[in-house]
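Trainee:
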Amino acid sequence: MNSTWVPPSSLTNIALRSCLLGPKFPLWLRWLTRLDNLDISNTSISDTVPDWFWTLASTVKTLNMRHNNISGYLPSTMEFMRATAIDLSSNQFNGPIPKLPINLTDLYLSGNNLVGPLPLDFGAPRLVTLILFDNSISGSIPSSLCKLRSLLLLDMSKNKLTGTMPDCSTSKKNMNSLNILNLSLRNNNLSGGFPSFLQYCQKLIFLDLSHNHFFGTLPTWIQEKLPYLAFLRLRSNMFYGHIPEELTKLVNLQHLDLAYNNLTGSIAKSIVNCKGMIATRDDYDYAVYSALGYGWSMGLNDFTYTENVMVVTKGQERLYTGEIMYMVNLDLSCNNISGDIPEEIGTLVELKNLNLSWNTFSGKIPENIGALVQVESLDLSNNELSGEIPPSLSALMSLSWLNLSYNNLTGEVPSGDQLQTLKDPEYIYIGNSGLCGPPLSKNCSQPKRSTATREHHDDVTNEVSFFFAMGSGYVMGIWVVFCIFLFKRKWRVNWYSVCDSLYDWVYVQVAVTWSSWTKEKTAEAETDC
């Protein structure tokens, strides 16, 4: 479009999404003084926003300039604007976040270069959507967050936020009416215990606090206060203690990631209550399923937000966007969880990713592991599992990645068409010296080395004990005689006299016998001559 073209000033709506307008900022916009809606998103503009534009934008109700390369600073305040929805994401805007228009409901500023602290007063009490991820915003989260009663979606991940979460107990009345569905604060430097204000967010569905410095134990009120929670991601923090049984009773939970913490204890058998990991989408409660979709991909005022989540699966991190709502995941890796893997794991038939690696699980792999027909990635490596690999493992037809390395597994590796398609088959079983059979080089038909039985071990122990006692007695006897001779001179003289007499007697007997024998031999020799 020609930059010198002058459109009719009476235009109220401009929608040029994905049209090639750049790289210069379109000057003809300055003549449109009656605009209500402006959409110039994804139009290849890479210019600095002119000062006159913000005057023009003061009358706009919806403003969409996302996915360009527009630079410059936001105005020091946006209170003069009447906009209800603003999307400036994926640009190069600088500076702090200003005070917002009072009627604003949806604000998208992700993927810019915004810095400084969050405003102490957002100035927009009707905010429904606040997307600020992937900037350089610093400082703590202000307590004014507690007053945003209409907030449904808050994403401030991938910033430089520090400190603890605000204490909203003084605003409990407000928090009871907070209807937030989606909260993402991952990849910051936040600290403190599990945020207590979340117990007032009883409609919460999606919670991501991963890659921070939160610590302490996980709350037992999580089932009662967050009954609709379906997505919980707490990986790479410093939580410790047992996994509360109440957490495993969240019926809608379909994505649980507690990896890289200091959790201990065992997996509760009540994990079977997580219907979100059991029910198919056809059987899933329609209201919950609709809420999941709304929580993860929200379209308000023709703007769309899709949650982007990195999931560790198949041995690597993979980016999930809108399809995260279909990802059924259980990741407890890199903790200190012990005990047996409960048989109830086999009931979570909708699991696509199961990662229990780098713990201290013991016992056998559950025999019903083959019931996880949807699982694509299974990692049980670096534990203390023993026994044989269940033959049902070969029934996992969706399996594309398996790791059982560095355990104490024994017996023959099960065969199956799907298992034979897996990459690096020898790496899958490495560190299990008791395994044999293809794809391993160790042949199960080779004679096994004899192993000592308990009875044999007892016999060897008795024999060693006998010789040890005999040797000890011999040494002790010699030592007693030596001590007697050392302190009893008379006994010592008598003993040596006896020895001398015995020596003399033996000597005389030997000499006489030898002389007689030589005389006889001489006489025989003379007779022969």
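Following our numbering from start to finish, the sequence shown increments by one per residue and tops out at 1073.
Quick reminder that beta carbons are idealized off the backbone N, C-alpha and C, glycines included.
What you are looking at is a predicted structure, and each value in this text was computed from that prediction instead of being measured.
1. Counting only the same chain and skipping the five closest in sequence on each side, list residues whose C-beta sits under 6 angstroms from that of D631.
2. If you drop the 5 nearest sequence neighbours on each side, which residues of the same chain put their C-beta closer than 8 angstroms to that of T587?
3. Which word fits C980, buried or exposed, when buried means at least 16 other C-beta atoms lie within 10 angstroms of its C-beta?
4. Within the 7 angstroms Cβ cut-off, does P710 reach chain B?
5. Can you list the alpha helix (DSSP H) stretches of 4 or more residues lying completely in the stretch 700-772, in chain order?
6. Measure the alpha-carbon distance for E888 versus A823 and round it to whole angstroms.
7. Looking only at its own chain, which residues have a Cβ that is under 6 angstroms from the Cβ of K986, when we skip the five neighbours before and after it?
8. For C1027, does the count of other Cβ atoms within 10 angstroms reach 16, so buried, or fall short, so exposed?
9. In the DSSP output, which residue or residues are listed as bridge partners for V659?
10. Quick one: residues in its chain with C-beta nearer than 8 angstroms to the C-beta of N951, no 5 flanking neighbours on either side, listed in chain order?
11. Per DSSP, what kind of secondary structure is D968 in: helix, strand or coil?
12. Out of W1049, T808 and V853, which has the shortest C-alpha to C-alpha gap to N880?
13. Using CA atoms only, rank isn't needed, just tell me which of T1062, L937, N638 and M625 is closest to V957.
14. Can you tell me whether L579 is buried or exposed, with buried defined as 16 or more other CB within 10 angstroms of its CB?
15. Would the beta-carbon of K704 fall within 7 angstroms of that of F677?
16. Below 8 angstroms on the Cβ atoms is my contact criterion, and I expect P640 with L664 to pass it. Report the Cβ-Cβ distance as a whole number of Å.
17. Taking the C-alpha atoms as reference points, what is the distance between G1021 and A1013?
18. For D968, count the other beta carbons within 10 Å of its own beta carbon; 16 or more makes it buried, fewer makes it exposed. Which is it?
19. DSSP state of C1027, grouped into three classes?
20. If you draw a straight line from the C-alpha of Q636 to the C-alpha of R777, how long is it?
21. Output the distance between the C-alpha atoms of L943 and R670, rounded to the nearest integer angstrom.
22. Quick one: residues in its chain with C-beta nearer than 6 angstroms to the C-beta of D884, no 5 flanking neighbours on either side, listed in chain order?
23. Could you tell me how far apart the beta carbons of A812 and E789 are, in whole angstroms, since I believe they sit closer than 8 angstroms?
24. Residues in the same chain with beta-carbon distance under 8 angstroms from L722, minus the five sequence neighbours each way, listed in chain order, please.
Mentor: Let's see:
1. Excluding its 5 nearest sequence neighbours in each direction, D631 has C-beta neighbours in its own chain below 6 angstroms: N608, R610, Y652 and F847, listed in chain order.
2. Closer than 8 angstroms at the Cβ level, and outside the excluded window around T587, lie L560, R561, S562, C563, L564, L565, G566 and N612.
3. Of the residues assessed, C980 falls on the buried side of the cut-off, its CB having 16 or more other CB atoms within 10 angstroms.
4. Absent here is chain B; the protein component of the structure consists of one chain.
5. DSSP runs (the alpha helix (DSSP H)) wholly in the stretch 700-772: 716-719 and 766-769.
6. 15 angstroms
7. If we look at K986 and ignore the five residues flanking it on each side, its Cβ neighbours are C980.
8. When all chains shown are included, C1027 counts as exposed.
9. Paired residue(s): S680.
10. L924, S925, N926, N927, E928, L929, S930, G975 and N976
11. In this structure, D968 counts as coil in the three-state DSSP scheme.
12. Comparing Cα positions, the closest option is T808.
13. For the residues T1062, L937, N638 and M625, the minimum Cα distance to V957 belongs to L937.
14. Buried is the call here.
15. With respect to F677, K704 sits apart: the two C-beta atoms are not nearer than 7 angstroms.
16. About 12 angstroms separates the two Cβ atoms, so there is no contact after all.
17. 12 angstroms
18. exposed
19. helix
20. 29 angstroms
21. 47 angstroms
22. Answer for D884: G907, listed in chain order.
23. Right, the Cβ-Cβ distance comes to about 4 angstroms (below 8 angstroms), so this counts as a contact.
24. C690, L692, R693, L695, Y744 and C745
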